[in-house]
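Protein chains in written order, with the numbering used here: chain A, 38 to 295; chain B, 97 to 429; chain C, 12 to 298.
From the three backbone atoms N, C-alpha and C, an ideal C-beta is built for every residue, glycine too.
First up is the structure itself, then whatever we jot down about it.
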Amino acid sequence: MPAEPKLALSLRGIRMNFGPIVAIAGVDLDVAAGKICGLIGPNGSGKSTLFDCCTGLVRPTAGRVLAGATDITGWGMARIARRERLFRSFQKAVVFRAMTAEDNLVLAGQMAAFSTLASTFSFGPIARRRVRELRVRAGELLERVGLAHMRYSKAGEMSFGQQKLLQFASMLMPEPRIILLDEPFAGINPVLIERIVENIRVVNRESGVTFVIVEHNIDVLRDLTHRLVVLSRGSILADGDPDDVIRDPRVVEAYLAG
Amino acid sequence: MPGLTVVGRRFAGRLTSVCLVAAILVLLPLFANSYQLSTLIVSMVFLLPALGLNLILGYTGMLSLAQMGFFGVGGYTSALLAMHFGTPFWLNFLAALVVPALVAIPLAIPALRLRHTSFVMCTIAFVFILDSASKNWVSLTRGDMGLSSVPRPRLGLWSGGYVVHTTAGYYYLGLFLCALAVAALIAIVRSPAGRYMVAIREDETLAASVGGRTWHYRLAAFVLSAAFAGAGGSYYVHYITVISPTVFDPSYTNTVLVVVLGGGVGTISGPILGGVVFVALSEALRVAPELRMVIYGLILTTSVFAFPKGLIGPLFALWRRMLPSRERGSHAG
Amino acid sequence: MLQNILTDGLVIGSVYALVSVGMTLILGVLGQINFAHGEYYMAGAFAAWWGIDRLGLSYIESIPLALLIVAAISLVIGYVVMQRLVDVSFDAGIIATLGISLLLQNTATLLFGGTYQTFDGGWLEPVRVLGEDIAQQRVLIFLITLVVFGGLEWLVRKSPLGRQMRAVSQNIECCHVLGVDVRRVVLITFVLGTTLAALSGVMTGPIVMNVYGGMGEAITLKSFAVIVMGGMGNISGTLLAGWVLGIMESLVAAYVGLQFRDAVAFALLVLVLMWRPAGFFSTKARY
């Protein structure tokens, strides 16, 4: 098995302009594999846009994105997910509302389990066995995040917090290498926050999954992350140990001013 | 029944109701007269493309109005093979699946890049193109006059075999083909691919984020639905033994739309119900074509507001209330 | 005769433009394609025919009658159906308006029979324009179209209603905040757009002479081609695109074959759609 590259994600000179608006003004960032990295900044600093650039939702105006050693700049979202096992959560429309929780997870896992288009159509014994395995795994994950009782409920019927948990669980299904979380703690109660935090820690420790988390909730990030990066007006303002960064006067000023 | 799991019990319940319905359908010719059977035959003719439309609209979320274009292609293919080569029905039918699917591919590739309304307009343009082709490729299709004296379906392996010529015969042939089609649709819908198509319908960006090539699945859905439509065309052409460019008329497309939307989009039993209620019933009641279209128009318009899930919606709700509470799951028919 | 072809094309293009501008206005404000749009054109022609044939009116009297009748019908439809399509998915809008199209077409056939009715009216004597004899009706169509388009440009750019229309087409959420009654704007735009289509039908009746329930069907699809070519929400663009279509149809009919005339719109439509694969339709129009 090839050795894991030391850098999970690298951004080189990323620039993103929307017409005259400069969303990201030159970002260089290296995220080490197996680390949990937090990304904070005042509103409008370009955090979500940075995620969009990394995950193929948007093509950066300039600069390169690398996953490990592979240049993924300009790749589409599906390709990035498939090849580099880089997954990303969304702030808003989080789940497939018409499907059950279990189906949501099976769906998240199946694209990794079935590599070709044709194989997804088959209903032979091999396909069915794979789906069964996916269902078992889904059940385990649901158990882990405490949603086992909602296994057969439609995702649309769940509360917002539960949907966020479900979304988080579904990112764990396809054996990810890198997970980008976009405000995973926003709008949910502390109990659920704690559950997600615990799961992030466990998954990071046991499977070495790299996390990059965009959040406003700095308290949670302080304990969870190995490293904190502050984005302000499209550039990196500070980068380093969470406690140091939070006390950095420039960061405080940026939050007060921005 | 003690000892069976919840799932097992639900399966047994459904199995009995399916067997019951199947038994009724098989025995029907003993009670029903020729006219009544022929109304069911007509609804089966429309059911096949409706199942395809359901796949692409109900499950994948793309509104394609090109179904009857492929219906026509399948019909012409089947008719021409039978007329020129005297081939047995299974071969004509198979060709009527394959040829529309192949025709669909080059049409779909540019169309799938379009969004929303443009895509729909493009599918309408397809029907028009196919209509023009059938009118102008006179050497093949005899243009506006169409093909007549299409041979009746010959159920043999290669030569010989039983030639269907009675209403009851057509009825059973239709039942068989529809059963195959329904089974195929179930297989597709329950497969991982089918699940992914629903994901695409729900939220395409999210579906892409889990690593699937959404474009491939949309193409697959389009091509498969063309095959379903072609199947209907084949059954149709051997039943009424003529085919002409009128098959590309909007009225055919509208009928299939009503069957799917009025019956229940996104379910399997919905179009079946829709076919029986909207097609067979209006045939049986000998509703004038214009009045039928007025009713179809009302159904379409109101279905958007009042019955977004079609007739099957309230029926399902009724069924679920009759089951014990633990068995109320999320699986629509 | 090339000049004949061109003038013919301009006239028929004006007809298309007049019908299509209604569709583009409705699309801009509601975000939906009115699949029944051609049926209002048909209704205009039918209503005028009915006034002449059954009520014994003269042609010029039948015009306001027809417009009133169609406006009344579209007011009801707009109130009951179209207003409710404001927040609805594009699929639903297509299906709903398709249903209305079926309703209108077949009600007309049920009421007046399936055969062609002959439109007996209009000013068909030729008049000499630029060295060529053209039926007065055709000149009238061309002129009226110009007047209407001029009026629309003023309406959209300068009038309060036009401001509201632009606001709704650009950002519906803002409208709620600013107190613009979205549903009312939709209704008014809808009635306006469909009445313009009816006007086109009334003016064209004398020329096509055959009035029947299905005469609007091809018009809807050609209108779509026109607005796609002209740019969504672009009023003067729609006029130009209508002329382009009309002239191309005339050329094709004369030099290639009459049976290919209707195919021109489709060909143009497919071509334009392919060149702009992202499609023309966001929910925001640019007026």
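Residue i versus residue j - alpha carbon distance
i, j, result
"A/Glu121", "B/Tyr313", "21 Å"
"B/Val390", "C/Glu260", "32 Å"
"C/Ile152", "C/Val222", "18 Å"
"C/Ser69", "C/Val193", "39 Å"
"B/Asn188", "B/Ala197", "14 Å"
"A/Gln200", "A/Glu139", "12 Å"
"C/Ser73", "C/Phe123", "17 Å"
"A/Arg188", "C/Ile84", "51 Å"
"B/Ala322", "C/Gly204", "36 Å"
"C/Leu280", "C/Val237", "8 Å"
"C/Leu17", "C/Asn117", "35 Å"
"A/Pro155", "A/Phe133", "One detail in the question is off: residue 155 of chain A reads as Ala in this sequence, not Pro. Between A/Ala155 and A/Phe133, the C-alpha separation is close to 23 Å."
"A/Leu258", "A/Ala135", "33 Å"
"C/Ala229", "C/Ala119", "16 Å"
"C/Val97", "B/Glu386", "30 Å"
"B/Ser287", "A/Ile61", "42 Å"
"C/Asp19", "C/Ile258", "7 Å"
"A/Thr107", "A/Leu48", "12 Å"
"A/Glu194", "A/Thr137", "9 Å"
"B/Phe412", "B/Ser113", "14 Å"
"C/Leu269", "C/Ile23", "15 Å"
"B/Ala280", "C/Val267", "46 Å"
"C/Thr366", "B/Val352", "As shown, chain C starts at 12 and ends at 298. That puts residue 366 of chain C outside it, with no answer to give."
"B/Asn129", "B/Val383", "19 Å"
"A/Leu44", "C/Val239", "49 Å"
"C/Thr231", "A/Leu217", "47 Å"
"A/Ala223", "A/Gly198", "9 Å"
"A/Gly176", "A/Arg169", "11 Å"
"C/Leu86", "C/Pro75", "16 Å"
"A/Ser190", "A/Leu202", "14 Å"
Residue i classed as buried or exposed, judged by whether at least 16 other C-beta atoms fall within 10 angstroms
i, result
"A/Gly271", "buried"
"C/Phe130", "buried"
"B/Glu298", "buried"
"B/Ala175", "buried"
"C/Met12", "exposed"
"C/Leu66", "exposed"
"A/Arg214", "buried"
"B/Ala316", "buried"
"C/Asn15", "exposed"
"C/His187", "exposed"
"A/Cys90", "buried"
"B/Cys115", "exposed"
"B/His180", "exposed"
Beta-carbon separation (whole angstroms), residue i vs residue j, contact threshold 8 Å
i, j, result
"A/Phe88", "A/Arg116", "Rounded, the Cβ-Cβ distance is 16 Å, inconsistent with contact."
"B/Gly371", "B/Lys405", "So it is not a contact: roughly 17 Å between Cβ atoms."
"A/Val143", "A/Leu171", "5 Å"
"A/Glu220", "A/His263", "Not quite, the Cβ-Cβ distance comes to about 19 Å (not below 8 Å), so this is no contact."
"C/Leu299", "C/Leu78", "Summary: the structure shown does not reach residue 299 of chain C, with chain C confined to residues 12 through 298, and so no result is reported for it."
"B/Gly270", "B/Ile137", "5 Å"
"C/Gly39", "C/Gly242", "Actually they are not in contact, since the Cβ atoms of C/Gly39 and C/Gly242 sit about 11 Å apart, beyond 8 Å."
"B/Leu177", "B/Ala191", "6 Å"
Residues that residue i contacts on chain F, provided the C-beta gap is smaller than 8 Å
i, result
"A/Ser196", "No chain F is present in this structure, whose protein chains are A, B and C."
Residue i: CB within 7 Å of a non-hydrogen atom of the ligand MG
i, result
"B/Leu198", "With respect to the ligand MG, the structure offers nothing, as it holds no ligand at all."
Quiz item: For the 8 Å Cβ check, are there 3 or more pairs between the stretch 358–368 of chain B and the stretch 143–151 of chain B?
Solution: Touching, per the Cβ criterion.
Self-check item: Within the stretch 18–75 of chain C, ranges of the alpha helix (DSSP H) (whole runs, at least 4 residues)
Solution: Counting only runs of 4 or more, we get 48–64.
Practice problem: Report yes or no: do three or more beta-carbon pairs, one from the stretch 152–170 of chain C and one from the stretch 20–35 of chain C, lie closer than 8 Å? | Solution: yes
Quiz item: Contact between the stretch 126–146 of chain C and the stretch 50–69 of chain C: three or more CB pairs below 8 Å?
Solution: The stretch 126–146 of chain C is in contact with the stretch 50–69 of chain C.
Practice problem: Could I get the ranges of all uninterrupted beta strand (DSSP E) runs contained in the stretch 265–291 of chain A, with 3 residues as the minimum, in chain order? | Solution: 272–277
Practice problem: Please confirm if the stretch 303–321 of chain B is in contact with the stretch 176–184 of chain A, defined as three or more CB-CB distances below 8 Å between the two stretches. | Solution: no
Self-check item: the stretch 164–184 of chain B touching the stretch 320–332 of chain B, judged by at least three CB pairs closer than 8 Å
Solution: yes
Self-check item: Given 8 Å, three or more beta-carbon pairs between the stretch 159–168 of chain B and the stretch 344–363 of chain B
Solution: yes
Exercise. Kindly provide the ranges of any beta strand (DSSP E) runs that are 3 or more residues long and lie completely inside the stretch 112–161 of chain A, ordered along the chain.
Key: 123–125
Quiz item: Counting pairs of Cβ atoms below 8 Å between the stretch 257–272 of chain A and the stretch 71–89 of chain A, do you hit three or more?
Solution: yes
Practice problem: Assess, as a yes-or-no matter, whether the stretch 330–339 of chain B is touched by the stretch 209–222 of chain B under the definition of 3 or more beta carbon pairs within less than 8 Å. | Solution: no
Quiz item: What are the uninterrupted segments assigned as alpha helix (DSSP H) that are 4 or more residues long and contained completely in the stretch 226–266 of chain A, given in chain order?
Solution: 227–244 and 255–261
Quiz item: Fully enclosed by the stretch 112–170 of chain B, which beta strand (DSSP E) runs are 3 residues long or longer?
Solution: none
Practice problem: State whether the stretch 144–153 of chain A contacts the stretch 226–237 of chain A, with contact taken as three or more CB pairs (one from each stretch) at a distance under 8 Å. | Solution: no
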